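What follows is a single structure, written as structure tokens, with notes after it.
In the working numbering, the protein residues as written are -18 to 360.
Shown next as structure tokens:
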């Protein structure tokens, strides 16, 4: 088996960009015979970002994305997307396709006869556009439109590798066959062990999208209530949540940091990472912070806290909407830093690259075998 990887539009930055690079790089280093090139739709930005991370010789442009218009209602798919992906895979000597970010729609599969198809596995980052509760769901924009698309596209009988049990449950709720989806957690970059730093500067950090469901509003309210507490914020802006940074003099807004090393330094030098998101498909920055030896203050309503974090390895913000509760949590972190760091390091060890990569590889092999048994690639 040799695998062609695909990352769809929007997957070059943020979490998808980081985990896509990490998966491809780990497989190419440990199992180079299995790793084909990484394919992107082909924008200048995509080729530049992935070329810098993986080497331009390992990146290919497909010339199209899976979707014609992701913002349309209904979402419009590119009919020949999968056919073009199969053709490119065959030219590259690959007999399997793994989608690191994006989807393959049933209509796209239907354009290729079963015997001419190549087996597809897909890293499933999200299987819902809805929040866990109504008030959380109200923080999302356009969720009904995307929810309808997910219900359609998840009918495709490819093999799904959910990044969390939460995502797997969401997929099952959409009608995905239990034998077609399994959970393989993401893993941590081993290089983070060498990036641990002592706290420097007396600030707490917030990294991620500056959207309401990420909890940035709570950070802003806290900064107004307690201006003597320094905060550094790094993340990409949201048109739906404009922020006048001049109103928050205790916050140093760093903007979007395209370099992963820059994001790591912001976290590593902080007294704590504020991870106040209400909903995530995974939540990798939480365990990245733990591997860096940085304590966590988390939103207890985020279900990924319970899936990823061991008790005693973090501090709950409690009533996350209360600046006083957030202040108390930060004060606890500063008081109990040493035991929190030790507990965090122990928890982060569960997400070591070696075992998780092998789990991913076995899941890909199971998906490949199932689809071959169903007649895919018979010709």
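Even for Gly, the Cβ is constructed at its ideal location relative to N, Cα and C.
This one's a predicted model, so the numbers in the text were calculated from it and none came from an experiment.
- By the Cβ test, the region 82 to 100 is in contact with the region 58 to 65, since at least three Cβ pairs between them sit closer than 8 Å.
- Your pair residue 257 and residue 218 does not check out as a contact, with CB atoms roughly 17 Å apart and the cut at 8 Å.
- Residue range 48 to 50 is occupied by the beta strand (DSSP E) that includes residue 48.
- In the structure shown, residue 53 adopts coil according to DSSP, grouped into three states.
- For residue 16, the uninterrupted beta strand (DSSP E) run begins and ends at 16 to 21, by DSSP.
- Classified as exposed, residue 300 has fewer than 16 neighbouring CB atoms from the shown chains inside 10 Å of its CB.
- Under the Cβ criterion (8 Å, minimum of three pairs), the region 275 to 290 counts as touching the region 137 to 148.
- Contact between residue 82 and residue 9 does not hold, since the beta-carbon distance rounds to 17 Å and is not under 8 Å.
- A distance below 6 Å between beta-carbons, with the five flanking residues on each side excluded, links residue 295 to the following residues of its chain, in chain order: 277, 279.
- Close CB contacts of residue 28 within its chain, under the 8 Å cut and outside five residues either way in sequence, are with 21, 37, 40, 42 (chain order).
- Following the DSSP letters along the chain, one finds residue 80 inside the beta strand (DSSP E) bounded by residues 77 to 82.
- In the structure shown, residue 236 adopts extended strand secondary structure according to DSSP, grouped into three states.
- Residue 42 sits in a strand when the DSSP states are folded into three classes.
- Distances from the alpha-carbon of residue 329 to those of 273, 348, 298 put 273 closest.
- Inside the region 112 to 177, DSSP marks whole beta strand (DSSP E) runs of 3 or more residues at positions 140 to 143, 162 to 164, from first to last along the chain.
- Distance from residue 275 to residue 311 at the Cβ level is roughly 13 Å; contact not present, criterion being Cβ atoms closer than 8 Å.
- Here residue 58 really is in contact with residue 86; their C-beta atoms are around 5 Å apart, less than 8 Å.
- If you look at residue 309, you'll find it in the alpha helix (DSSP H) that goes 304 to 316.
- In this structure, the alpha-carbon of residue 227 lies about 20 Å from that of residue 189.
- Counting only residues of its own chain and dropping the five nearest sequence neighbours on each side, residue 327 has a CB closer than 8 Å to the CB of 291, 294.
- In this structure, residue -14 lies away from residue 32, with their beta-carbon atoms at least 8 Å apart.
- Contact between residue 215 and residue 201 does not hold, since their C-beta atoms are separated by about 15 Å, which reaches or exceeds 8 Å.
- About 7 Å separates the beta carbons of residue 153 and residue 162, which is inside the 8 Å limit, making them a contact pair.
- In this structure, the straight-line span from the alpha carbon of residue 3 to that of residue 338 is close to 10 Å.
- Going by DSSP, residue 343 is part of no beta strand (DSSP E) but of the alpha helix (DSSP H) stretching over 334 to 354.
- Close CB contacts of residue 318 within its chain, under the 7 Å cut and outside five residues either way in sequence, are with 276 (chain order).
- With respect to the 8 Å criterion, residue 75 and residue -16 are classified as neighbours on the basis of their beta carbons.
- Taking C-beta separations shorter than 8 Å and ignoring five residues to either side along the sequence, the partners of residue 79 in its chain run -16, -15, -14, -13, 101, 102, 103, 104, 345, following chain order.
- The alpha-carbon of residue 45 is positioned some 25 Å away from that of residue 349.
- For the pair residue -4 and residue 265, the CB atoms are nearer than the 8 Å cut-off.
- Distance from the CA atom of residue 151 to the CA atom of residue 314, rounded to whole angstroms, is 33 Å.
- Put simply, the backbone Cα of residue 240 is about 35 Å away from that of residue 133.
- Per DSSP, the continuous alpha helix (DSSP H) segment holding residue 286 begins and ends at 284 to 289.
- If you look at residue 28, you'll find it in the alpha helix (DSSP H) that goes 25 to 35.
- For residue 257, the three-state secondary structure derived from DSSP is coil.
- Taking residue 225 as the centre and dropping the five residues before and after it, the same chain places no C-beta closer than 8 Å to its C-beta.
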